[in-house]
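Chemist: Numbering (the UniProt record's numbering), first residue to last: 1 to 400.
C-beta atoms are modelled at their ideal positions from N, C-alpha and C, and glycine is treated no differently.
All figures in this text were calculated on a predicted structure; none of them were measured in a lab.
#1: If you follow the alpha helix (DSSP H) that residue 133 is part of, which residue opens it and which one closes it?
#2: Going by beta carbon distance, what residues of the same chain come within less than 6 Å of residue 325, once the five residues before and after it are set aside?
#3: State the DSSP-derived secondary structure class of residue 313, mapped to helix, strand or coil.
#4: Who does residue 170 pair with in a DSSP beta bridge?
#5: Just curious, the alpha helix (DSSP H) that residue 117 is in, first and last residue?
#6: Please go through the same chain and pick out, in chain order, the residues whose beta-carbon is closer than 7 Å to the beta-carbon of residue 284, but skip the five residues on each side of it.
#7: Quick test of your reading: residue 204 and residue 123, contact by CB under 8 Å. State the CB separation rounded to the nearest angstrom.
#8: Enumerate in chain order the residues of its own chain whose CB-to-CB distance from residue 223 is below 6 Å, with the five nearest sequence positions on each side excluded.
#9: Kindly list the residues whose CB is nearer than 8 Å to the CB of residue 141, restricted to its own chain and excluding five residues on each side of it in sequence; keep chain order.
#10: Measure the Cβ-Cβ separation of residue 271 and residue 298 and say whether it is below 9 Å.
#11: Going by DSSP in three states, residue 224 sits in which element: helix, strand or coil?
#12: To which residues of the same chain is residue 7 closer than 8 Å at the C-beta, ignoring the five residues directly before and after it?
#13: Smallest Cα separation from residue 101: which of 153, 346, 264, 225?
#14: Could you say which of 259, 263, 290, 275 lies nearest to residue 244 if we only look at CA atoms?
#15: How about residue 397: is its Cβ closer than 8 Å to a heavy atom in the ligand SAM?
#16: What three-state label does DSSP hand residue 384 in the structure shown?
#17: With burial defined as no fewer than 16 other Cβ atoms inside 10 Å of the residue's Cβ, what is the status of residue 319: buried or exposed?
#18: Does the beta-carbon of residue 302 have 16 or more other beta-carbons within 10 angstroms, so that it is buried, or is it exposed?
#19: Evaluate contact between the region 160 to 169 and the region 86 to 97, counting only Cβ atoms and requiring at least three cross-stretch pairs below 8 Å.
#20: Short of 7 Å in beta carbon distance, which residues of its chain neighbour residue 342, apart from the five on each side in sequence? Order them along the chain.
#21: With a CB to CB cut of under 7 Å and the five nearest residues on each side skipped, what residues in its chain are close to residue 381?
#22: So, at 8 Å on beta carbons, what are the nonlocal neighbours of residue 358 in its own chain, with the 5 sequence-adjacent residues on each side left out?
#23: When the Cα atoms are used, what is the spatial distance from residue 344 to residue 105?
#24: Over the uninterrupted beta strand (DSSP E) stretch that includes residue 340, give me the two end residues.
#25: Alpha carbons only, please: which of 87, 229, 235, 198 is nearest the one belonging to residue 279?
#26: With DSSP as the reference, identify every bridge partner of residue 240, one or two as the case may be.
#27: Within its chain, find whatever has a CB closer than 8 Å to the CB of residue 239; leave out the 5 residues flanking it on each side and keep chain order.
#28: If the criterion is Cβ atoms closer than 9 Å, does the pair residue 208 and residue 95 meet it?
#29: State the Cα-Cα distance for the pair residue 187 and residue 213, rounded to the nearest angstrom.
#30: According to DSSP, is residue 234 part of a helix, a strand, or is it coil?
#31: Considering residue 357, what are the terminal residues of the alpha helix (DSSP H) in which it resides?
#32: Within the continuous beta strand (DSSP E) that includes residue 91, where are the two ends?
#33: Residue 132 and residue 169: beta carbons closer than 9 Å?
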């Protein structure tokens, strides 16, 4: 373990239930021709942030089933949104280093490619020199808090590419820091375990150029920001009517997803347990994981359908044998570059674009002023997903 003085533990968060995951595969017909292609034989696992610069392993999978593949104050005080701008995306560009205000709360910034929710545990494998130094500086200063906003970059990111950070960020509290490894040059990597203890609104970045230098692996300091820590009550009051409506909506979505063989919540009891016994933060965290699994599944299924149609067309024209060999690499099929690119992109979870609307809706929930607003937004979203699932089921029934 890394030596250093660390202050005491933070106030406990609201308890959340630990939910197990079960995976089932759809029995019966599997998309013709796809099962014989080597690269399609094993779908990639969920993105693992260990070892990725600025990444950490996603929260453990929640209680959903994977379908078979078919075709400036003392910390703790806040002005909320009364006298500051509401949370929003901030375009980051290179600029001069600024001095913090005398009464500002300053924290290091660790951008992440996903949203972490209060009450969650986050583990990061830290290899970038700037972030290694960040943790060393935290130890030396006797600090344990940092902010982790969602980061979005333009395609083909370079040192001059557009980068956006959302001003609403999770506050991570370092619970454990160990030396993971040291390479031949003596460079140190850390494994850092955190608890998400709340939220903070980023008021301004003090050294925005650090984001670009860090991304290039340059010998640069980590990003720092003035933040406004948002106090949240530990207890949440659940309105019986709202809870009942949400359980009904989630159960209807579960049944429809089962019918469509898509990722889904495991059973009605898990839904009831999640709604009634976990915080809204943990409920939204479960919803985020379910939505990522569902959207990733549908994107991959679409690529499968496109590739299957192309293969069957080639077989009909006599350009590919029927049946295909037991094992064949997609590169041996001479498929169009667009098909191969789509297939390879579907193999990499990071290559699947979930869309800005998806993240914006989650960020809206993260920035909600209270639990009641989070409940309202989540209920509205689940109802929309039910309607979309009904439409997909209707199309499936018509097309067979």
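Modeler: This is what the structure holds:
#1: 129 to 141
#2: none
#3: helix
#4: 148, 199
#5: That residue, residue 117, is in no alpha helix (DSSP H); it is neither H nor E in DSSP.
#6: 117, 365, 374, 378
#7: That belief does not hold up - the Cβ atoms of residue 204 and residue 123 are roughly 29 Å apart, past 8 Å.
#8: 109, 210, 211
#9: none
#10: no
#11: strand
#12: Note that residue 7 has pLDDT 35, beneath the 50 cutoff, so the model's placement of it is unreliable and the number below is only indicative. Once the five neighbours on either side are set aside, the close Cβ partners of residue 7 are 142, 143, 144.
#13: 225
#14: 275
#15: This structure lacks the ligand SAM, and indeed carries no ligand of any kind.
#16: helix
#17: exposed
#18: exposed
#19: yes
#20: 303, 306
#21: 361
#22: 291, 295
#23: 44 Å
#24: Careful: residue 340 lies outside any beta strand (DSSP E), inside the alpha helix (DSSP H) at 337 to 347.
#25: 235
#26: Paired residues: none, contrary to the question.
#27: 372, 375
#28: yes
#29: 18 Å
#30: coil
#31: 356 to 366
#32: 89 to 92
#33: no
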